Each structure stands twice: as structure tokens, then as C-alpha cells.
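> First the structure, which I've put down as C-alpha cells, then a few questions once you've had a look.
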Amino acid sequence: MESLLFRAIILGAIYTLASIGLSLQWGVLRNLNFSHGASITFGAYVMWVALSAGGLGYTGAFIIMILMTFLLGVFIEWISIRPFFGKNEVNVFIGTVALSTILAQTYFILFGGRGKYIDPAFDGIVQLGSLRATYHEFFILIVSLVTLLVMWLILTKTKVGLSIRAVSQDQLGSVLIGINTRRVYSITMGVATILAGIAGALLGPILYVEPHMGELPMVKAFVIVILGGIGSFRGTIAAAFIVALVEVMVGSFVGVEWAPLSLFLMMVLILIFKPEGLFGVSERKA
Amino acid sequence: MEDKKVILETKNAYRYFGSYAAVNDLSFQIFENEILGVAGPNGSGKTTLMNIITQVIPPSRGEIIFNGQPIQNFKAHDICHLGIARTYQQPMIFATLSVMDNMMIGATFGKKKGGDRARIDELEQILKFIGLDGKKEMIADKLLVSEKKKLMIAIALATKPKLLILDEPCAGLTTIESKEIIQLIERINKQGMTVLLIEHNMQVLMNISHRVMIIDQGSKMCEGTPEYVYNNEQVIEKYLGRKKKKGVDL
Amino acid sequence: MSVRSTHRIKIIYAILLGVFLLIPFVVTDDYLLHLIIMTFVWGIVVTNWNLTLGYGGMFHIAQFTLFAIGGYASSISADSFGISPWLGLFIGGFTAALFSLVIGLPSLRVKGIYLILLTFAFHFGIKELVIIAREYTGGSMGIVVPSFGFGTLFYFYFALFLLVISLVATRFIEKSFIGKALVAMRDSEVLAASSGINPYKYKLITFVTAAFITGIAGSFYANYLMVIGPEIFSFTMIVNGLGMIVIGGMGTLFGPIIGSFIITFFMETFNAFEEYRPIIVGAVIILMLIYAPNGIVTEFNKIKEKLKAKARS
Numbered sequence: 000m001e002s003l004l005f006r007a008i009i010l011g012a013i014y015t016l017a018s019i020g021l022s023l024q025w026g027v028l029r030n031l032n033f034s035h036g037a038s039i040t041f042g043a044y045v046m047w048v049a050l051s052a053g054g055l056g057y058t059g060a061f062i063i064m065i066l067m068t069f070l071l072g073v074f075i076e077w078i079s080i081r082p083f084f085g086k087n088e089v090n091v092f093i094g095t096v097a098l099s100t101i102l103a104q105t106y107f108i109l110f111g112g113r114g115k116y117i118d119p120a121f122d123g124i125v126q127l128g129s130l131r132a133t134y135h136e137f138f139i140l141i142v143s144l145v146t147l148l149v150m151w152l153i154l155t156k157t158k159v160g161l162s163i164r165a166v167s168q169d170q171l172g173s174v175l176i177g178i179n180t181r182r183v184y185s186i187t188m189g190v191a192t193i194l195a196g197i198a199g200a201l202l203g204p205i206l207y208v209e210p211h212m213g214e215l216p217m218v219k220a221f222v223i224v225i226l227g228g229i230g231s232f233r234g235t236i237a238a239a240f241i242v243a244l245v246e247v248m249v250g251s252f253v254g255v256e257w258a259p260l261s262l263f264l265m266m267v268l269i270l271i272f273k274p275e276g277l278f279g280v281s282e283r284k285a
Numbered sequence: 000m001e002d003k004k005v006i007l008e009t010k011n012a013y014r015y016f017g018s019y020a021a022v023n024d025l026s027f028q029i030f031e032n033e034i035l036g037v038a039g040p041n042g043s044g045k046t047t048l049m050n051i052i053t054q055v056i057p058p059s060r061g062e063i064i065f066n067g068q069p070i071q072n073f074k075a076h077d078i079c080h081l082g083i084a085r086t087y088q089q090p091m092i093f094a095t096l097s098v099m100d101n102m103m104i105g106a107t108f109g110k111k112k113g114g115d116r117a118r119i120d121e122l123e124q125i126l127k128f129i130g131l132d133g134k135k136e137m138i139a140d141k142l143l144v145s146e147k148k149k150l151m152i153a154i155a156l157a158t159k160p161k162l163l164i165l166d167e168p169c170a171g172l173t174t175i176e177s178k179e180i181i182q183l184i185e186r187i188n189k190q191g192m193t194v195l196l197i198e199h200n201m202q203v204l205m206n207i208s209h210r211v212m213i214i215d216q217g218s219k220m221c222e223g224t225p226e227y228v229y230n231n232e233q234v235i236e237k238y239l240g241r242k243k244k245k246g247v248d249l
Numbered sequence: 000m001s002v003r004s005t006h007r008i009k010i011i012y013a014i015l016l017g018v019f020l021l022i023p024f025v026v027t028d029d030y031l032l033h034l035i036i037m038t039f040v041w042g043i044v045v046t047n048w049n050l051t052l053g054y055g056g057m058f059h060i061a062q063f064t065l066f067a068i069g070g071y072a073s074s075i076s077a078d079s080f081g082i083s084p085w086l087g088l089f090i091g092g093f094t095a096a097l098f099s100l101v102i103g104l105p106s107l108r109v110k111g112i113y114l115i116l117l118t119f120a121f122h123f124g125i126k127e128l129v130i131i132a133r134e135y136t137g138g139s140m141g142i143v144v145p146s147f148g149f150g151t152l153f154y155f156y157f158a159l160f161l162l163v164i165s166l167v168a169t170r171f172i173e174k175s176f177i178g179k180a181l182v183a184m185r186d187s188e189v190l191a192a193s194s195g196i197n198p199y200k201y202k203l204i205t206f207v208t209a210a211f212i213t214g215i216a217g218s219f220y221a222n223y224l225m226v227i228g229p230e231i232f233s234f235t236m237i238v239n240g241l242g243m244i245v246i247g248g249m250g251t252l253f254g255p256i257i258g259s260f261i262i263t264f265f266m267e268t269f270n271a272f273e274e275y276r277p278i279i280v281g282a283v284i285i286l287m288l289i290y291a292p293n294g295i296v297t298e299f300n301k302i303k304e305k306l307k308a309k310a311r312s
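Residue numbers (numbering that gives the first Met the number 0), protein chains in the order written: chain A, 0 to 285; chain B, 0 to 249; chain C, 0 to 312.
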């Protein structure tokens, strides 16, 4: 039982990272990016390339990954969101979906379909009473916590963070007080993609890195973002752990093949009966 | 006036947005064939009141009764079928359709099947009445703002309503255009139509309405004949007074 | 003038139909004929999708869900219960229509990103169900489907027939009072509702109609290829389908078919660059969205209007 709970916590931490970027993006840009999965994969591939190149060490590879994913996020915003922004959210969907197939195929051409394995930063297994855990699992926990903390600091203490929060609260008002909203959109997408990239880098040693590796985590991220209430950070974090727990429990007590179905069922039920999510406040209709 | 038939009333109606009550325990009545003018400061809940009556948004609590029938659980299109038509503050029209087709939408769908469907000549009559008969074939998007607002009224009339709700029909129009609309409303009323009119301009409202209701913070502040309301101290203090101090409030 | 022009259009339609009917007599290459049949099949799928999203304004991604359900329903009825493929076509259509009710009843109440997400969840949820119900569906391996046992010619004409039915249904709904309601709702859903239109009702009617034809097309597809598997649920399918609609022109009658033709033949022509095809399709979709969001048909009409205006002056 402890090991199941522990697994749920580790999964929840990764899911938090994978979904909080989507939540941030919804708050600021009011749309969902369907190439988020490709961003997760991107983070994993950059990590793999940087580590295989050698000489950089884990920290160096991690920094390069963060820089690259930021650039990818800016690019995604520029090519598949900005042209349609505020005009047509359906086109944002089509654009980001199209971009995600482009990215996945590019990975395939560059790296082939075969799964790549990323060495964890710390190898080995710890035995704590009845609990067997890998160092990498603790590493995931720590990295997730630090990432969330850094993001919280950026959002609350820096000028960029303040402008992101201002835009997410009041788009028009932000323009009026002189915030360059376009830049905020780019930066938000950059940050959201960094978060996806970190999730990918942490997933690397658990899943094999292959062109479509990020897609299932993205789908789970959608479930999480909806469950938590679109745009609510606290809700997203809570929902990430709920989804992880459901997945682990269904997987071990009902059967592994039922886990994805249970998530989609959850998604359908929430969207039908409580579209504002468990923790969200229903949006004010005028 | 007293023994007139009530056509629509609300009983303790509420509408919350989160914890904020945009309509707060509001009860009022409108009698057949009258023009009831509704006024109140910005954000006082006038439009929300019209929205909960016509079910554009559902009321949170309370009763809404039309011709003796509770309608608070109806859907927007049912409300229209019952005979309540409305316009909006913003010019809302079916932009890609011609003026005539706009009217056809109201005429075709405004009544349940079996209801008398408006014939073309009836619609043409309405257009003439409204003053849009020259623009029958024009695509609605190309109309001027004032014409769009007239078209909105025309669509509402095409549904053959018993009660017509007009949400600031003069907002955004020039003085001359407004006068035209006001005259139009009086003509519509003379034909026997009950009109519930939201209007920001107190002068206009006092002139045209048989009775006036002032709303403040989602509640009824005062209701009665124009003279009564005009001389009500609370209204003078909170609404007319404020308006004088600040000058233009439009 | 307008009477004469509609008459002229009718003649053009008749000639076009005649040309299509004659194709198998001109095209003797079996592979080419197969490509044309596939163009028809995708044409049916995207024409019905376009009916709901282009005309109906319901942007959902459940089209391939319904297509797959139609395919699986008839295949399972043939494979597990020995029902004839003819009856299977209707079983496919009715099952898809039934599921479209299950999906549509909750989904069509919401709009925008919520509608996308809800149909997304249904799509992948049903895919998981198909994989789990291995006994009947063959799981991730799929089912081998008994065929009609006719030649390519039969499939060609049957696909053409379904395509024509799809076009007629689209045109019929567009011209009927349902189409008027759909246009009114697209222009302003709020005003439409307060003018007496029950948005939900007309959306649902359109959605179920499209699903019925799509389900039949799904059964046809499974019978024709003699196999159906969960790949039909893949994201690539959705992207290609959307690509056909976007490239051809959303909300136009013939746009999606033209898109289907372009993408199907493009995929074949660039067979040698197999790896690059998805990238090119994706890039074309994005470029079209940015520079010609209304598709080829609309751009073509614009050019025609310009030429006419020039000719007049």
C-alpha cells in the first residue's frame, strides 16, 4: 500500500509539472495548446542529446534543455497561436494539433522510432522499511518542488511575473496600463513549455524517449487541468495528485488497461457535470 | 390603471454571480398595454433582470410569472414561443443574412409549430412600420448601427410577441436617431403592445413611460407614475442628484 | 437571371455526375481506381464533418469516433454474429447514430474549447474501450472483415453513391429551415435563442444525421479494406481530416471533397518522401490557416468575382 501511495505521489509530481504549464497558458492566453505533448517529448530529446554529447554533465544538459524549451514555446506561440489569437480558438486548436504532428514527425526523422533511454541523474535504489524507491523518484520530487517554488517566486516577485498575472486577470486593463501583452504571451508560452520540458526530462528515465512519448502525459494533463478547474493553479496541483492516485489504484486493483479509460471517463463526467472543475469558480457570464 | 391585467411579474427574483447579487430580491409587475420604463445607474442590474426574464441566463432564485404561468424554468426559445420578445443593448442581428431573412428567422421560429406563420406581406408591413422597407435585400451586416437596432426590433415583432422588452434601444445613437426610435416605440405601444423599456436617459424615460421603476444595486428603489418617481426623495438623492453633480452620465 | 443561373448549375452538376459515373470506364488501373475510392470515402467523412462544423458551427472532433463505431459495429456483427454485410451497413449507420446521441446530448450543450475537450475525451475513451473489448474487437490487432465479395467496380459506385447522398443531405439541411436555424445560430446564438430557435435541437438533428451517414461510410470502409483496427482513432486521422476541410474550405459544399482529393493523392504522389509527408501536410494546414483560412474554394470564388468585375469594367 505504501509503495502504491508513493508511486502516486511521484506520478502526481510529474503530472503537476506536465499540466501546470497548460493551466498557466489558459489563464493568460485563454486557450489550450495541443502541441504540449510534443513539448514534453522535446524536453526529453534535448536532454538525451545533451547528455549523449557528453562533457556537459547533468546540470549543463538541464540548463540547455530549459533554454531550448523556452525557445520552442516562443516559436509555438508565434506560429500557431498568434495568427489566430482572439479571432478563432478553433484555429488555435487546428494549428497546434498540426504543429504537434510536425514536431512528432521531425523527432522521428531525427532520432528514429526506437525508444531512447536517459540515464537518471542519480542511479540506485533505497529501501525504507517496506518501501523500495529509486533515487530518481526522490530526484523527481525535489525537482518538482523546486520548479514550483521557482515558478511561484517568478510569478509573485518579478516584474515579468507580475505582468503575466496582470494579463491573466484583465487583458484589456493590462493593455491600458502599458503592458506589452504580446510579449507576455510569448513569455508565458516559453515558461509553460519549460515546465513541459522539465516533465519530459524527468519522464525520460521512466518511459523510453520516443516521438510520441509526450502525448499520453498531455492527455492526462488535459484531464488534470479540467478536473482542477481551468486556470486554477492550486486546483491543478490537487488534481494532478488525484489523477495519479486514481491511475495507480485502478491500475493495480482493476487492471492496467482500465487506467486510461478511467481517466477519460473522469474527464467526460467532469465536463458534463462540473465544467468549472472541482476547485474552479464558475466564470462570470455577462 | 388599477384594474388592469398583470402580464408579467417577478416575485423575489435573485441572480447571483459568485456571491454578488446582480438582481437582489426584486419583485415587480407590468400591466397589459402599458410602457413600463426601467432606469438605474450602470451596473444596477437592469440588463441582468431582462436576461433572467428571457432566460438568456437563468435566475438563481424566485418566481417569474407570465400570464399566470411560472416561467423561471423555461429555456430562452420557450420564452419566445410564449410571446416575450426582446432586443439587446448591443446591435445584435444575423449578420450574414439579408434584412428580410432576418425577419424570416423571427417569423419562422418565433412560434411553435402550428402557430400562425407570418407571410411575406406581413413582414413587409412590419418593415414599413419600422422604416426599413427600402433595405429588404441588404445584408444585415452592412446596415448602419441605428438600422441594426431597428432591425432588432423588427425581428422581435416578427415573432408576434405579447410583451416586447427593449434594452436601451437608443444607446449609441444620435439624438435624431433616438427620437425616431422613441416615436417608433410609442407607435408600437399604441397598437396594443406591452413594452418593458430600459432607458438610461431619464428625460426620455419620463416622457414615454406610463409607469417607471428605478433599480439600484439589484433591488427596486422606487416604482410609480413618472411624476411620483421624479419627486421621490430617494431617487433625487441617489440618482437624479448624482447625475446633476457629475454632469453627463451617458 | 437567378433562375437561369440555378438551372445552369443543375446542368453542371449533372455533367459532373456523368463524368464521375464514367470514371471506371476510363481509368482501368486498379490502383488508381482504389485511390479514387479512398478519395470518396474520406470525402464522405469530411463532408459530413463539415456539415456539423462548417454549417452547424459545432467544432467537435468526434467524427472519426463515429466513423470507427460504424466500422466496428458492422464488422463485429459480421465477425461474431455472422450478419450479412448489407445489413451491417445499416447496423453501422444506426450504431453510429445511437452513439452520436450519447456523445451529442452532453457535448452539444457546450461550446468552444469545452466541446473540443469533451469530444476528445469521448474519442479516446471509446478507443480504450475498443482495445479492452478484445473478444469482439480484436483489441489492438483489429478485426478481419468479410467483404461483400464484389469487384472494385461495385465499391466505386457504392462509394460514389454515399458521397452523393452526403452532398444531397448537406444541401438539403442547408436549404431547409434547419439550415436557416444553423446560420442564425452561427451569426448570434443568443439572438437566435431569444428569437425562438432551440439551438440544442437543431444541432442535435444535424449531428445525428451526419453520424448516420458517417457510420455507413465506416462500415463500407471496413468491408472494402476487409480490416479495421484502432489506428482509425489515431491523431493523424484527425489531422488529415481537418486538413482536408481547411484546405478545401470549411462551410463550402465541395471544398472538403477537393481537400480529400488533394490530400489522398498528395500522400500517394509523395510516397517516396514518406517520412516528410506528415510534416508537409501539417505545414500546409498552418499556412492555409494563416493565409487562406477559408480554403481553396473560397479563394477560387474570390478570383472569379474579381475577373468578373474586371470584365464588366
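Where is the CB? At the ideal position from N, CA and C, for every residue including glycine. No experiment lies behind these values; they were computed from the predicted model shown.
From G128/A to F137/A, what distance separates their C-alpha atoms?
Reading the first sequence from its first residue, position 129 is the one you call residue 128/A. Reading the first sequence from its first residue, position 138 is the one you call residue 137/A. Going by the C-alpha atoms only, they are around 16 angstroms apart.
> DSSP state of P292/C, grouped into three classes?
Residue mapping note: residue 292/C aligns to position 293 of the third sequence, counting from 1. In this structure, P292/C counts as coil in the three-state DSSP scheme.
> List the DSSP bridge partners of V208/A.
Looking up residue 208/A in the first sequence gives position 209. Beta-bridge pairing links V208/A to K115/A.
> Within its chain, find whatever has a CB closer than 8 angstroms to the CB of T235/C; leave out the 5 residues flanking it on each side and keep chain order.
Counting from one through the third sequence, the residue named residue 235/C turns up at place 236. Here the set comprises P277.
> Is Q24/A helix, strand or coil by DSSP?
Looking up residue 24/A in the first sequence gives position 25. Looking at Q24/A - three-state DSSP - the assignment turns out to be helix.
> Which runs of the beta strand (DSSP E) spanning at least 3 residues fall entirely within the region 199-233 of chain B, listed in chain order?
Qualifying beta strand (DSSP E) stretches, in chain order: 210-215, 218-223.
> Using a Cβ cut-off of 7 angstroms (strictly closer), state whether T100/A contacts chain C.
Translated into the one-based positions of the first sequence, residue 100/A becomes position 101. Yes, contact with chain C.
> Using the DSSP secondary-structure output, state which residues sit across from I63/B in a beta bridge.
Position 64 of the second sequence, counted from the first residue, corresponds to residue 63/B. Looking at the DSSP assignment, I63/B forms a beta bridge with T9/B.
> If we ignore side chains and look at the alpha-carbon of each, how far apart do L268/A and F119/C end up?
Position 269 of the first sequence, counted from the first residue, corresponds to residue 268/A. Position 120 of the third sequence, counted from the first residue, corresponds to residue 119/C. The alpha-carbon atoms of L268/A and F119/C are separated by roughly 13 angstroms.
> Establish whether the CB of I269/A and some CB of chain C are separated by less than 7 angstroms.
Counting from 1 along the first sequence, the entry for residue 269/A is found at position 270. With 7 angstroms as the cut-off, I269/A does not count as an interface residue toward chain C.
> Taking only beta-carbon positions, decide if R118/B is within less than 7 angstroms of chain C.
Against the second sequence, residue 118/B aligns to sequence position 119. No, its Cβ sits nowhere closer than 7 angstroms to a Cβ of chain C.
> For a cutoff of 7 angstroms on Cβ pairs, would you count M217/A as touching chain C?
By 1-based counting over the first sequence, the position of residue 217/A is 218. Chain C, which has no Cβ nearer than 7 angstroms to the Cβ of M217/A, makes this no.
> Spell out a yes or no on whether the region 73-89 of chain A and the region 19-36 of chain A are touching, meaning 3 or more CB-CB pairs, one atom from each, closer than 8 angstroms.
They touch, by the three-pair rule.
> Is L50/C close to chain B? Criterion is C-beta to C-beta, closer than 7 angstroms.
Looking up residue 50/C in the third sequence gives position 51. Judged by the 7 angstroms Cβ criterion, L50/C is not in contact with chain B.
> Would you call the region 83-90 of chain B and the region 160-173 of chain B touching, i.e. three or more CB-CB distances under 8 angstroms?
Segments in contact, yes.
> By the three-class DSSP mapping on this structure, what secondary structure does V37/B have?
As a working note, residue 37/B is residue 38 in the second sequence. V37/B: strand per DSSP, three-state reduction.
> DSSP puts L162/B in a beta bridge; with which residues?
Along the second sequence, read from residue 1 onward, the residue named residue 162/B stands at position 163. Answer is I83/B, T193/B, bridged to L162/B.
> For K273/A, I'd like the list of residues in its chain whose CB is within less than 8 angstroms of its CB, leaving aside the five on either flank, ordered along the chain.
Mapped onto the first sequence, residue 273/A falls at position 274. Excluding residues within five positions, none has a Cβ falling inside 8 angstroms.
> Taking the straight line between their C-alpha atoms, what separation do you get for I63/B and V5/B?
Translated into positions along the second sequence, residue 63/B becomes position 64. Translated into positions along the second sequence, residue 5/B becomes position 6. When rounded, the distance between both Cα atoms is 12 angstroms.
> Since A239/A and F278/A should fall inside the 8 angstroms C-beta cutoff, what is the C-beta to C-beta distance between them, to a whole number of angstroms?
Locating residue 239/A in the first sequence gives position 240, where the first residue counts as 1. Locating residue 278/A in the first sequence gives position 279, where the first residue counts as 1. That pair is no contact at about 12 angstroms.
> Would A210/C pass as a contact of L104/C if the rule is Cβ separation under 7 angstroms?
Walking along the third sequence from the start, residue 210/C turns up at place 211. Walking along the third sequence from the start, residue 104/C turns up at place 105. Not a contact, by the Cβ cut-off of 7 angstroms.
> Give the residues of chain A in contact with A282/C, contact being defined as C-beta atoms less than 7 angstroms apart.
Within the third sequence, numbered from 1, the residue matching residue 282/C stands at position 283. The answer, in chain order, is I101.
> I'd like the span of the alpha helix (DSSP H) that includes N90/A, first residue to last.
By one-based count along the first sequence, residue 90/A stands at place 91. Element bounds for N90/A: 88-110.
> Measuring CB atoms only, is the region 11-25 of chain A touching the region 213-228 of chain A, in the sense that at least three cross pairs come out at less than 8 angstroms?
Touching, yes, given that three or more Cβ pairs across the two stretches are closer than 8 angstroms.
> Give the range of the alpha helix (DSSP H) segment to which T208/C is assigned.
Residue 208/C sits at position 209 when you count from the first residue of the third sequence. From DSSP, the alpha helix (DSSP H) with T208/C extends over 198-224.
> Where F260/C and L286/C are concerned, what is the direct C-alpha to C-alpha distance, given to the nearest angstrom?
Reading the third sequence from its first residue, position 261 is the one you call residue 260/C. Reading the third sequence from its first residue, position 287 is the one you call residue 286/C. Cα-Cα distance, rounded: 19 angstroms.
> Can you give me the start and stop residues for the beta strand (DSSP E) that N23/B sits inside?
In the second sequence, counting from the first residue as 1, residue 23/B sits at position 24. Per DSSP, N23/B belongs to the beta strand (DSSP E) from 19-30.
> Which of the three DSSP states is assigned to V125/A in this structure?
Position 126 of the first sequence holds residue 125/A. Strand at V125/A.
> Taking only runs of the alpha helix (DSSP H) that begin and end inside the region 85-145 of chain B, which ones reach a length of at least 4 residues, in chain order?
Within the region 85-145 of chain B, the complete alpha helix (DSSP H) runs of at least 4 residues are 98-108, 119-129.
> Determine the DSSP secondary structure at R7/C, reduced to helix, strand or coil.
For the purposes of this step, residue 7/C is taken as residue 8 along the third sequence, with counting starting at 1. In the structure shown, R7/C sits in a helix (DSSP, three-state: H, G or I).
> Taking 7 angstroms as the threshold (beta carbon to beta carbon), is D28/C in contact with chain B?
On the third sequence, position 29 is the one that residue 28/C refers to. So no, D28/C is outside the interface.
> If we count the other Cβ atoms within 10 Å of its Cβ and call it buried at 16 or more, is H35/A buried or exposed?
Counting from one through the first sequence, the residue named residue 35/A turns up at place 36. With 16 or more Cβ atoms within 10 Å of its Cβ, H35/A is classed as buried.
> Alpha carbon to alpha carbon, how far is I34/B from F27/B?
One-based indexing of the second sequence puts residue 34/B at position 35. One-based indexing of the second sequence puts residue 27/B at position 28. The straight-line gap from Cα to Cα measures roughly 14 angstroms.
> Using a C-beta to C-beta distance shorter than 8 angstroms, which residues of chain C count as neighbours of M91/B?
Here residue 91/B refers to the residue found at position 92 of the second sequence. Here the neighbours are S187, V189, L190.
> From what residue to what residue does the beta strand (DSSP E) around T133/A run?
On the first sequence, position 134 is the one that residue 133/A refers to. Element bounds for T133/A: 130-133.
> My assumption, with CB atoms under 8 angstroms, is that K219/A sits in contact with L262/A. Please give the rounded CB distance.
Here residue 219/A corresponds to residue number 220 of the first sequence, with the count starting at 1. Here residue 262/A corresponds to residue number 263 of the first sequence, with the count starting at 1. About 6 angstroms separates the two Cβ atoms, so the contact holds.
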